[in-house]
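Residue numbers (the working numbering): 1 to 391. C-beta atoms are modelled at their ideal positions from N, C-alpha and C, and glycine is treated no differently. Beneath this line is the structure, given in structure tokens, with notes to follow.
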Ligand SMILES: Cc1ncc(COP(=O)(O)O)c(C=O)c1O
């Protein structure tokens, strides 16, 4: 299995982490070739998580924008986001590897909830590391994880967000690797995680392709998804990378949008660097210190990004744009009011880009936005921003 995407990726880890990563790579190769394993995973995704998710047409927004806007409804999955595609796969893999415990990081809490759900279903213990800032801004998800039986560990180092939660989870894994699998939440980190998570999420793009063929007889003109660590976007794009007719746009978080503000857009504003075991694009100072990131959406608030995206940017196959906090919040409100669907603030960044650029996409263009999650967890932030009138 190749550890690199072009020059990006690799496995830049302390020696203590090499054995569990090797063990994982070996198990992946063996189990994904085993029809009993893949059949069990497919069964769980269908009967437990709710796959396939629908491709929903948006009549009112389409008319306003002059395009045909369709949403891939990952928000309808059990536990509220695409993260469950990954955690069910990794939890099943961990159990087959004889592990009894999962450790995971979480930002928005969606990956933490999805890990806690998979652990409860498959009889595994779960420890979720979460930055103290995120524990506060995603309180509902913290309660859900605790109710599901997971231990939530609040991390008070550094910026107290996702980056620091990953550091804590890696530290735990170094000490507990005999019994524990690190259920990594995005298509980033040391090899083989970017490939493992991409493969588990690529069900999204495969379904989009089939559903588009059924709905209008061909591929979409454009597929758009938000990019945090990069798992929902690579999952939506992977099936189309070899099809040059389909334009692919990933949307990063530009932060507040003020000049010089902190942001979460390493593909647009970063440089190559190493963080969390991989070489990829990274927000950093001139002398290579990792910069703090910012986004109104906790799930995008990360200074790095998966290496396959860094490569797809370098080849020009995928375009990477940005949307800021205000644009995402406005898109959140627009979709809620016009279509009756409350999107996650993360996914709202992709919607914001499509809304802002619809005029350039060609009349009637068939555009798919990957709605990676639902926005129930973000109601507190929306209320703070828009006031009680909105609610
Ligand atoms: C709903 C939702 N969308 C997107 C993301 C960003 O992650 P990724 O880029 O791995 O899809 C998150 C992360 O928590 C999320 O909860």
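Heavy atom of ligand 1 within 7 Å of residue i beta-carbon
{"i": "residue 331", "result": "no"}
{"i": "residue 233", "result": "yes"}
{"i": "residue 313", "result": "no"}
{"i": "residue 186", "result": "yes"}
{"i": "residue 72", "result": "no"}
{"i": "residue 288", "result": "no"}
{"i": "residue 227", "result": "yes"}
{"i": "residue 299", "result": "yes"}
{"i": "residue 239", "result": "no"}
{"i": "residue 260", "result": "no"}
{"i": "residue 276", "result": "no"}
{"i": "residue 143", "result": "no"}
{"i": "residue 110", "result": "yes"}
{"i": "residue 352", "result": "no"}
{"i": "residue 346", "result": "yes"}
{"i": "residue 380", "result": "no"}
{"i": "residue 242", "result": "no"}
{"i": "residue 83", "result": "yes"}
{"i": "residue 230", "result": "yes"}
{"i": "residue 372", "result": "yes"}
{"i": "residue 7", "result": "no"}
{"i": "residue 107", "result": "yes"}
DSSP three-state assignment for residue i, whether helix, strand or coil
{"i": "residue 370", "result": "strand"}
{"i": "residue 295", "result": "coil"}
{"i": "residue 325", "result": "helix"}
{"i": "residue 453", "result": "Examination of residue 453 is not possible in this model, given that the chain is present from 1 through 391 alone."}
{"i": "residue 105", "result": "strand"}
{"i": "residue 138", "result": "coil"}
{"i": "residue 8", "result": "strand"}
{"i": "residue 317", "result": "coil"}
{"i": "residue 198", "result": "helix"}
{"i": "residue 277", "result": "coil"}
{"i": "residue 92", "result": "helix"}
{"i": "residue 79", "result": "coil"}
{"i": "residue 356", "result": "helix"}
{"i": "residue 250", "result": "strand"}
{"i": "residue 283", "result": "coil"}
{"i": "residue 160", "result": "coil"}
{"i": "residue 178", "result": "coil"}
{"i": "residue 343", "result": "strand"}
{"i": "residue 290", "result": "strand"}
{"i": "residue 307", "result": "helix"}
{"i": "residue 19", "result": "helix"}
8 Å Cβ cutoff, residue i in contact with chain C
{"i": "residue 102", "result": "Looking at the structure shown, chain C is missing, and only one protein chain is on hand."}
Range of the contiguous alpha helix (DSSP H) that encloses residue i
{"i": "residue 43", "result": "35-44"}
{"i": "residue 237", "result": "231-237"}
{"i": "residue 111", "result": "110-122"}
{"i": "residue 128", "result": "It is not in any alpha helix (DSSP H) - residue 128 instead sits in the beta strand (DSSP E) that spans 125-131."}
{"i": "residue 184", "result": "Residue 184 -> no alpha helix (DSSP H), and no H or E assigned at all."}
{"i": "residue 222", "result": "First-last for residue 222: 222-226, but that is the beta strand (DSSP E), not the alpha helix (DSSP H)."}
{"i": "residue 268", "result": "266-269"}
{"i": "residue 380", "result": "379-386"}
{"i": "residue 205", "result": "203-216"}
Option in the options with minimal Cα separation from residue i
{"i": "residue 92", "options": "27, 195, 136", "result": "27"}
{"i": "residue 174", "options": "35, 102, 306, 9", "result": "102"}
{"i": "residue 345", "options": "36, 79, 373, 313", "result": "373"}
{"i": "residue 244", "options": "3, 280, 318", "result": "318"}
{"i": "residue 253", "options": "269, 246, 75", "result": "269"}
{"i": "residue 119", "options": "303, 197, 142, 84", "result": "84"}
{"i": "residue 114", "options": "81, 95, 137", "result": "81"}
{"i": "residue 104", "options": "86, 289, 267", "result": "86"}
{"i": "residue 127", "options": "8, 39, 168", "result": "168"}
{"i": "residue 258", "options": "197, 233, 323, 283", "result": "323"}
{"i": "residue 331", "options": "347, 30, 359, 321", "result": "347"}
{"i": "residue 289", "options": "17, 106, 274, 335", "result": "274"}
{"i": "residue 132", "options": "158, 77, 122", "result": "158"}
{"i": "residue 38", "options": "90, 23, 25", "result": "90"}
{"i": "residue 363", "options": "68, 271, 369", "result": "68"}
{"i": "residue 365", "options": "246, 130, 46", "result": "246"}
{"i": "residue 151", "options": "130, 137, 140", "result": "130"}
{"i": "residue 207", "options": "371, 53, 176", "result": "53"}
{"i": "residue 225", "options": "237, 138, 59", "result": "237"}
N- and C-terminal bounds of the beta strand (DSSP E) containing residue i
{"i": "residue 72", "result": "68-73"}
{"i": "residue 100", "result": "First-last for residue 100: undefined, no H or E at that position."}
{"i": "residue 300", "result": "Element bounds for residue 300: n/a, residue is neither H nor E."}
{"i": "residue 240", "result": "Segment: none, residue 240 is in no beta strand (DSSP E) and carries neither H nor E."}
{"i": "residue 153", "result": "151-155"}
{"i": "residue 55", "result": "55-57"}
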